[in-house]
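Inspection log for the structure reproduced underneath, given as structure tokens.
Protein chains: 2
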Amino acid sequence: MLDGKTLQNFALLTLKIGVNLQKGQGLEIACPVEKHKVAEEITKQAYLLGAKIVRVRWENEIVDKLSYTYADTPTLCDIPKWFIDSKNYLVEKNFCYVAIAADDPSAFKDIPSEKLAAAAKARSKALKKFSDCVMANGIRWCVVSVPTKAWAEQVFPNSLDPESDLSDAIEKTMRLDRENPTLAWKEHIDNLTKKAEYLNYKRFDSLHFKNGAGTDLTVGLLDDHVWLSAKETAKDGVSFVANMPTEEVFTAPHAKKVNGKVVSAMPLCENGKIIDGFSLTFKDGKIVDFSAEKGYDALKNLIETDQGTRRLGEVALIGKSSPIAKSKILFFNTLFDENASCHLALGKGYPTTVKDGDKLSKEELSKLGLNDSVEHVDFMIGTEDLTVIGIEKDGTKTPIFTKGDWCV
Amino acid sequence: MLDGKTLQNFALLTLKIGVNLQKGQGLEIACPVEKHKVAEEITKQAYLLGAKIVRVRWENEIVDKLSYTYADTPTLCDIPKWFIDSKNYLVEKNFCYVAIAADDPSAFKDIPSEKLAAAAKARSKALKKFSDCVMANGIRWCVVSVPTKAWAEQVFPNSLDPESDLSDAIEKTMRLDRENPTLAWKEHIDNLTKKAEYLNYKRFDSLHFKNGAGTDLTVGLLDDHVWLSAKETAKDGVSFVANMPTEEVFTAPHAKKVNGKVVSAMPLCENGKIIDGFSLTFKDGKIVDFSAEKGYDALKNLIETDQGTRRLGEVALIGKSSPIAKSKILFFNTLFDENASCHLALGKGYPTTVKDGDKLSKEELSKLGLNDSVEHVDFMIGTEDLTVIGIEKDGTKTPIFTKGDWCV
Chain D
491 MLDGKTLQNF ALLTLKIGVN LQKGQGLEIA CPVEKHKVAE EITKQAYLLG AKIVRVRWEN
551 EIVDKLSYTY ADTPTLCDIP KWFIDSKNYL VEKNFCYVAI AADDPSAFKD IPSEKLAAAA
611 KARSKALKKF SDCVMANGIR WCVVSVPTKA WAEQVFPNSL DPESDLSDAI EKTMRLDREN
671 PTLAWKEHID NLTKKAEYLN YKRFDSLHFK NGAGTDLTVG LLDDHVWLSA KETAKDGVSF
731 VANMPTEEVF TAPHAKKVNG KVVSAMPLCE NGKIIDGFSL TFKDGKIVDF SAEKGYDALK
791 NLIETDQGTR RLGEVALIGK SSPIAKSKIL FFNTLFDENA SCHLALGKGY PTTVKDGDKL
851 SKEELSKLGL NDSVEHVDFM IGTEDLTVIG IEKDGTKTPI FTKGDWCV
Chain F
491 MLDGKTLQNF ALLTLKIGVN LQKGQGLEIA CPVEKHKVAE EITKQAYLLG AKIVRVRWEN
551 EIVDKLSYTY ADTPTLCDIP KWFIDSKNYL VEKNFCYVAI AADDPSAFKD IPSEKLAAAA
611 KARSKALKKF SDCVMANGIR WCVVSVPTKA WAEQVFPNSL DPESDLSDAI EKTMRLDREN
671 PTLAWKEHID NLTKKAEYLN YKRFDSLHFK NGAGTDLTVG LLDDHVWLSA KETAKDGVSF
731 VANMPTEEVF TAPHAKKVNG KVVSAMPLCE NGKIIDGFSL TFKDGKIVDF SAEKGYDALK
791 NLIETDQGTR RLGEVALIGK SSPIAKSKIL FFNTLFDENA SCHLALGKGY PTTVKDGDKL
851 SKEELSKLGL NDSVEHVDFM IGTEDLTVIG IEKDGTKTPI FTKGDWCV
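In the order they appear, the protein sequences are chains D and F. When the letters of the first sequence are read in order and numbered with the working numbering, they come out as residues 491 to 898. When the letters of the second sequence are read in order and numbered with the working numbering, they come out as residues 491 to 898.
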């Protein structure tokens, strides 16, 4: 279980490898109330590392669910100015931001999709300045996970001790079972960096995804695209790792150069709803058709959030031999599931996946082909038989993935 | 234990008798993270009563203690504007405010008093607009308590199950053990109201407190003083009960007409520090001498907070036959201990204890003799042998308390 020495190592990995907290810097931790001991340990370790101040933004899905159930939509969409300011404050003061993602995947299954979507949209819109900044690495941030009861019961419905099982799974993916977790992370990051360097060297014009499930999709890339992996650099010049675990190498698709059909490989948990067995068809970057066996309304609401949720903002490559993929566990949590499978994201693209993107205006990024939106939602497309072929400007083709794994 | 039906009744008493939540009104609950189930139940019942929106302000003394330990004083004194705005928001939107007081009485015993005092002062100063409004009943508010582990262990150090014992004690004082708690509260409020009406009718000029412990104090009252009890009326005209439990009948001393010496009857827990065996000597309303067997520095820092913490803002009468006094339990929590004993408060007086006080400016209130400060700290003076005599303008004396209890 995530306690004692393991919890301390978890906190230290999050702070030293994750946000790379510097002496004299502020830290905010978003944490579910039931896991207060985790936030307390991260707070303690942060202060021991020299944090200036640590604040915790507590979260509680039971209160949220009651609000979604009983409050009306206009009230849910009315985001107080002080709340928006409390987020922008983190940017102004260059805080590090640790988000503990431990949502119950079906917390809001009984709430009408329209209500959830309206509230999510209002929130995303109100916090656009903050999320734009986070996505452009304006602050150092890191998403990690700890097991909560409700989440663990969905991942291990037949277990006698779901929380313990999920804890074990998370510890493995976080490399907390290694003798020296910090060293293991450094090696892992080097390995991912090499893959990104290879792809940057090749300068593919597009990628072609194909498998037996029906995916046959060409994803055009920006001329100035940059492949990134685990280690990124924030505006203040300090490196960090935004997701732990992370197994992906990713860049931005061209918002207007995606064509064909893609079939989902795993369920998508969005806003407390599960969307499964879905497909999207693109023409010139835009979704022109879609279907879903489960959660059609939630998918429809997501796609219709704004103009940007009809297009792609990310393409990420993960081989089937990644530790998360090999675990065969469906986590119902994007942090893990996106690292088990090649994926795409609807919505906003990361400015950092464009050359000098953090120095360009929104208009300049858009002109280069980067998508913009209030949302950024990953969905998995990688299967055991997936082929990915890189196509250069002159038509030269190079296989990148065969049988669902890297071949370069 | 506070769960099931008892927890539901606790929530309903807090909402219906306490803040008297109205349909369509917002509610904020301040709650320690470890008692999240209590906040969840109050949230649920509030929505069922028709609340517009419910928000929870989560608290965690372990994180606070780490901050007090490791952050420097200027950082602790730097209260973000969004935090101040988040409190003033409650006033602007006429939210009800439920505060769950469940502090560990010695949470901050290892923190230097000066650091705690500086941070408390900065916070009180930053939140002055909000606390002024609360004390003038600008919003409806209610303080209640639930047992936390650390607090219970201090109250029942030799118990096998301190939390359960403290829970039982709280349930009794909250009248949750009665067949119909709501009805029991209505009868209790009527009884206290009658006492306040009697004192208002008498229009005493001063009260004289005397006992064998060394207390010999004359507390002058304002010409326009008003005795209040449990049930008050907020600015919006709706009644509420600000403390549950409550056993007191209280008014404002004249800031410049307190003379003599008062000896504490119970320890005072202030800012995570215990102050015990203390005495204060007043001349023309101002403290001119003080002593303490324990916590002298904390007392000194409290008194020296500002000009107003050298004078009194409240005088409250509670008989020794009050259920809390009879329990003989020292709760180390003002909400309970102040209702076991006659008490005074250093610092700000309630504008509502002056006739039409909520319509008067700060200057007008001050001119009438009401004390002002960033603080308001109760301390207990009632003993089993306490005598209180009411003295009218013409010198007529009427005994109000003999042998520590009401005699009118």
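Glycine residues also receive a C-beta, built at the ideal position from the N, C-alpha and C atoms. Bear in mind that the values here come from a model prediction, so they are computed numbers and not experimental data.
Alpha carbon to alpha carbon, how far is A720/F from A592/D? The residue given as residue 720/F occupies position 230 in the second sequence. The residue given as residue 592/D occupies position 102 in the first sequence. Each residue's Cα considered, the two are about 43 Å apart.
Top-ranked residue by Cα proximity to L503/D, from W631/D, A686/D and T683/D: Here the question's residue 503/D lines up with position 13 in the first sequence. It is W631/D.
In angstroms with no decimal places, state the Cα-to-Cα distance between I552/D and D600/D. Translated into the one-based positions of the first sequence, residue 552/D becomes position 62. Translated into the one-based positions of the first sequence, residue 600/D becomes position 110. In a straight line, the C-alpha of I552/D is about 13 Å away from that of D600/D.
Touching or not, the stretch 612-629 of chain F and the stretch 570-577 of chain F, by the rule of three or more beta carbon pairs under 8 Å? yes
Given a limit of 7 Å on CB to CB distance, which residues of the stretch 590-624 of chain D reach chain F? none
What residue does the alpha helix (DSSP H) around S769/F start on, and which one ends it? If you number the second sequence from 1, residue 769/F lands on position 279. No alpha helix (DSSP H) contains S769/F, which is instead part of the beta strand (DSSP E) from K763 to K773.
Residues that K484/F contacts on chain D, provided the C-beta gap is smaller than 7 Å: A query on residue 484/F cannot be resolved here, the shown segment of chain F reaching from 491 to 898 and no further.
Does N550/D get closer than 8 Å to chain F when you measure Cβ to Cβ? Numbered from its first residue, the first sequence carries residue 550/D at position 60. So, interface residue.
Along chain D, in chain order, which residues have C-beta atoms closer than 7 Å to that of P570/F? Position 80 of the second sequence holds residue 570/F. Simply Y579.
What does Y560/F reach in chain D if we use C-beta pairs closer than 7 Å? Here residue 560/F corresponds to residue number 70 of the second sequence, with the count starting at 1. Per Cβ cutoff of 7 Å: Y537.
Should K887/F go down as buried or exposed, given a rule of 16 or more other Cβ atoms within 10 Å for buried? Taking the first residue of the second sequence as 1, we reach residue 887/F at position 397. Per the 10 Å Cβ criterion, exposed.
So T565/D contacts chain F; which residues on that side make the cut at Cβ distance below 9 Å? Mapped onto the first sequence, residue 565/D falls at position 75. Ordered by position in chain F, the residues that pass the 9 Å Cβ test against T565/D are G516, K542 and I543.
Could you tell me whether any Cβ in chain D is nearer than 8 Å to the Cβ of E524/F? Counting from one through the second sequence, the residue named residue 524/F turns up at place 34. It does: the Cβ of E524/F has a partner Cβ on chain D nearer than 8 Å.
Step through the CB atoms of chain F and report whether any lies within less than 8 Å of the CB of D651/D. If you number the first sequence from 1, residue 651/D lands on position 161. False, the Cβ-Cβ gap to chain F never drops below 8 Å.
Roughly how far, in whole angstroms, is the beta-carbon of V731/D from the beta-carbon of G508/D, given that I think they are within contact range, below 8 Å? Residue numbering aside, residue 731/D sits at position 241 when the first sequence is read from its first letter. Residue numbering aside, residue 508/D sits at position 18 when the first sequence is read from its first letter. Confirmed, about 5 Å.
Can you tell me the Cα-Cα spacing of R613/F and V544/F, whole angstroms? For the purposes of this step, residue 613/F is identified with residue 123 of the second sequence, where counting begins at 1. For the purposes of this step, residue 544/F is identified with residue 54 of the second sequence, where counting begins at 1. Going by the C-alpha atoms only, they are around 24 Å apart.
Can you tell me which of D726/D, I569/D, V805/D and F869/D puts its alpha carbon nearest to the alpha carbon of Y840/D? What you label residue 840/D is simply residue 350 of the first sequence in a count that begins at 1. With distances taken between Cα atoms, Y840/D lies closest to V805/D.
Residue ranges of each alpha helix (DSSP H) within the stretch 499-530 of chain F, 4 or longer: none
In its own chain, which residues sit with a C-beta less than 7 Å from the C-beta of K700/D, not counting the 5 before and 5 after it? If you number the first sequence from 1, residue 700/D lands on position 210. Correct list, in chain order: D706 and T877.
Less than 8 Å between CB atoms is the rule here; does D575/D satisfy it with respect to chain F? In the first sequence, residue 575/D corresponds to position 85, counting from 1. Yes, contact with chain F.
Note down the Cα distance separating I819/D from V752/D, rounded to an integer number of angstroms. One-based indexing of the first sequence puts residue 819/D at position 329. One-based indexing of the first sequence puts residue 752/D at position 262. Roughly 23 Å between the two C-alpha positions.
Span separating the alpha-carbon of S863/F from that of F826/D: Position 373 of the second sequence, counted from the start, is the residue given in the question as residue 863/F. Position 336 of the first sequence, counted from the start, is the residue given in the question as residue 826/D. Spanning the two alpha carbons is a distance of roughly 53 Å.
Hey, is A917/F's beta-carbon within less than 8 Å of any beta-carbon in chain D? The requested residue 917/F does not occur in the structure, where chain F is confined to residues 491 to 898.
Let me see if you follow: with CB-CB separation under 8 Å, is V546/F close to chain D or not? Counted from its first residue, the second sequence places residue 546/F at position 56. Chain D, which has a Cβ nearer than 8 Å to the Cβ of V546/F, makes this yes.
With a threshold of 8 Å between beta carbons, is A529/D in contact with chain F? As a first step, residue 529/D is located in the first sequence; it is residue number 39 there, counting from the start. Answer yes: the Cβ-Cβ gap between A529/D and chain F drops below 8 Å somewhere.
Just to confirm, is the Cβ distance from K725/F to D848/F under 8 Å? Working through the second sequence from its first residue, we reach residue 725/F at position 235. Working through the second sequence from its first residue, we reach residue 848/F at position 358. Cβ atoms of K725/F and D848/F: closer than 8 Å.
Nearest chain F C-beta to V509/D closer than 8 Å, yes or no? Along the first sequence, read from residue 1 onward, the residue named residue 509/D stands at position 19. No, because no Cβ of chain F sits closer than 8 Å to the Cβ of V509/D.
Do the CB positions of N550/F and V778/D come within less than 8 Å of each other? The count along the second sequence starts at 1 and reaches residue 550/F at position 60. The count along the first sequence starts at 1 and reaches residue 778/D at position 288. The answer is no: Cβ separation not under 8 Å.
Residue closest to A610/D, alpha-carbon to alpha-carbon, out of G872/D, D875/D, I793/D and L802/D: Counted from its first residue, the first sequence places residue 610/D at position 120. Out of G872/D, D875/D, I793/D and L802/D, I793/D has the C-alpha closest to the C-alpha of A610/D.
Classification of S635/D by the beta-carbon crowding that lies within 10 angstroms, buried from 16 upward: The count along the first sequence starts at 1 and reaches residue 635/D at position 145. Classification for S635/D: buried.
Determine, for V588/F, whether the minimum Cβ-Cβ distance to residues of chain D falls below 8 Å. Here residue 588/F is taken as the residue at index 98 of the second sequence, counted from 1. Taking Cβ atoms only, chain D never reaches closer than 8 Å to V588/F, which makes this a no.
For V645/F, would you say it is in contact with chain D, using Cβ-to-Cβ distances shorter than 8 Å as the test? Residue numbering aside, residue 645/F sits at position 155 when the second sequence is read from its first letter. False, the Cβ-Cβ gap to chain D never drops below 8 Å.
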